[in-house]
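This report concerns only the one structure given below.
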Amino acid sequence: MSTPRPSAPDATTGQKPVDVVIACHTPERPVGRAVASILEGNAEHADVTVVAHNRPAEEIRGAIRPEHRESVRILEHRDTLRSASGPFNAGMREDGAPFVAIMGSDDTLAPGAVASWLAVQEATAAEFVITRLALGTAGHGVPTPAVRMLRSGRVDLVHDRLAYRSAPLGLMSRAMLRRTGAQLVEGATVGGDVAMVTRLMASVPTAYDRFGPPYVIGEDAGDRVTYVIRPMREQLGFFPDLLEADWFAALPCPARRAIGTKLLRIHVFGAVFYRQDARIWTAEERESLARITADVLRAAPGCERPLSRADRRLLDACGDPAIDAAELMTAARDRRRHGRPATLLPREITQLLAREAPPRFMASSLAVQMLPRLRRG
156 MSTPRPSAPD
166 ATTGQKPVDV
176 VIACHTPERP
186 VGRAVASILE
196 GNAEHADVTV
206 VAHNRPAEEI
216 RGAIRPEHRE
226 SVRILEHRDT
236 LRSASGPFNA
246 GMREDGAPFV
256 AIMGSDDTLA
266 PGAVASWLAV
276 QEATAAEFVI
286 TRLALGTAGH
296 GVPTPAVRML
306 RSGRVDLVHD
316 RLAYRSAPLG
326 LMSRAMLRRT
336 GAQLVEGATV
346 GGDVAMVTRL
356 MASVPTAYDR
366 FGPPYVIGED
376 AGDRVTYVIR
386 PMREQLGFFP
396 DLLEADWFAA
406 LPCPARRAIG
416 TKLLRIHVFG
426 AVFYRQDARI
436 WTAEERESLA
446 RITADVLRAA
456 PGCERPLSRA
466 DRRLLDACGD
476 PAIDAAELMT
486 AARDRRRHGR
496 PATLLPREIT
506 QLLAREAPPR
516 FMASSLAVQM
526 LPRLRRG
């Protein structure tokens, strides 16, 4: 079988097939590095748009390397919100290439990433191509989404555990975005991308670029809003945009369960883990946590069933404000002590071989992380 060749620039207009949109709210971010990763390793197929968020365009332009400044389009976006959703949406709404990708100003694309996305898109006719992720360096792969063993190309929300991808990183069809009206939640300081990406993966043809060069998440930003401890109602305030949406209610039960399992594992349990100070857990915070947990269980019945015994212990504590905060925090730590029976076996033993239960989930996660390395030799 021949390997599809990625789309080349339009010979009549010179337009490249992809716009990469970078949102930047301060010139102190390494936006110059982000731009360079596109213009020096992906320029054949992609143009760059930087959206200056509440900053003059020339101020952000000054943070870009001199040799790249004339090759970058800079837009200004002004609002009163400390959220990247607004500038990203503004960039995606601009007229331009048939495909668009969004990128954080701390992040980079490995050389050839865009060409690989386009090749996958041409081979699969996908409207959304999920990129492979790495953390810090291209060799440090991120083990999500935990797709089926050896699976590449077209993927399925449930069968390939796509809900574990929480941001729309990769290649998106602009025509699809216009047709669906999908966009990030403006004003959200945390999770503004979760509802959008989950909706796309549940409703439009989606492919996964399993072996392509990765999107590399930068680790050197001290002010990423993701890492700030906030009240639970703000930290998980994006849940209603997902759980109360008409498109979510219309999903089949297996899809809602898969999404619910991910919300508990990643967002609820993660929020508790990073709050290891009993003073944080006021009565108001415990009530908020219990209410949010109940909302997930109500919207996605059965989502808790494949969880490990350690996870279920934490879930019990999340849902019951009467359980001591020390027990809540201990349970959040214990679920990360991997390899013990409590983290491997579900409370309901009939769920042992379920897709979302630890044995299959962990095996697929390991394959996602290791197979690209083995393929490179």
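Counted from 1, the sequence shown has number 286 at position 131 by our numbering; the numbering is strictly sequential. Ideal placement from N, C-alpha and C gives every residue a C-beta, glycine not left out.
Within 10 angstroms of its Cβ, does residue i collect 16 or more other Cβ (buried), or is it exposed?
i: G377; result: Annotation note: pLDDT 48 at G377 (below 50); position unreliable, no value reported.
i: F366; result: exposed
i: D375; result: exposed
i: T299; result: buried
i: C179; result: buried
i: A522; result: buried
i: V206; result: buried
i: L508; result: exposed
i: S238; result: buried
i: L305; result: exposed
i: A410; result: buried
i: A493; result: First, the amino acid is wrong: residue 493 is His here, not Ala. Classification of H493: exposed, given that the 10 Å Cβ count is below 16.
i: K171; result: buried
i: S240; result: buried
Just confirm the distance between the C-beta atoms of residue i and residue j, as a whole number of angstroms; I'd bet it's less than 8 angstroms.
i: L326; j: V203; result: Incorrect: roughly 15 angstroms between the Cβ atoms, too far for contact.
i: R287; j: D364; result: 6 angstroms
i: A212; j: H232; result: Their Cβ separation, rounded to whole angstroms, is 10 angstroms, which puts A212 and H232 out of contact at 8 angstroms.
i: V451; j: G415; result: 5 angstroms
i: P501; j: L462; result: 6 angstroms
i: F283; j: L339; result: Between L339 and F283 the Cβ distance is about 14 angstroms, and since that is not below 8 angstroms, they are no contact.
i: H200; j: A270; result: 5 angstroms
i: P386; j: G296; result: In fact, because the Cβ distance is near 33 angstroms, the residues do not count as touching under 8 angstroms.
According to DSSP, what are the bridge partners of residue i?
i: L230; result: V206
i: V340; result: Paired residues: none, contrary to the question.
Using CA coordinates, which residue listed in the options is at the minimum distance from residue i?
i: V371; options: L444, P211 and A265; result: A265
i: L236; options: R316, G342 and V176; result: G342
i: C458; options: E503, H493, M331 and R491; result: E503
i: R320; options: V352, I435, G336 and A330; result: V352
i: G474; options: D489, V427 and H223; result: V427
i: V186; options: A413, K171 and P221; result: P221
i: S260; options: P182, V227 and A318; result: P182
i: A413; options: A438, E389 and P456; result: P456
Is the CB-CB distance between residue i and residue j below 7 angstroms?
i: F424; j: L469; result: yes
i: R303; j: D315; result: yes
i: A454; j: L419; result: no
i: V190; j: I229; result: no
i: A445; j: P476; result: yes
i: V176; j: I193; result: no
i: A400; j: W436; result: no
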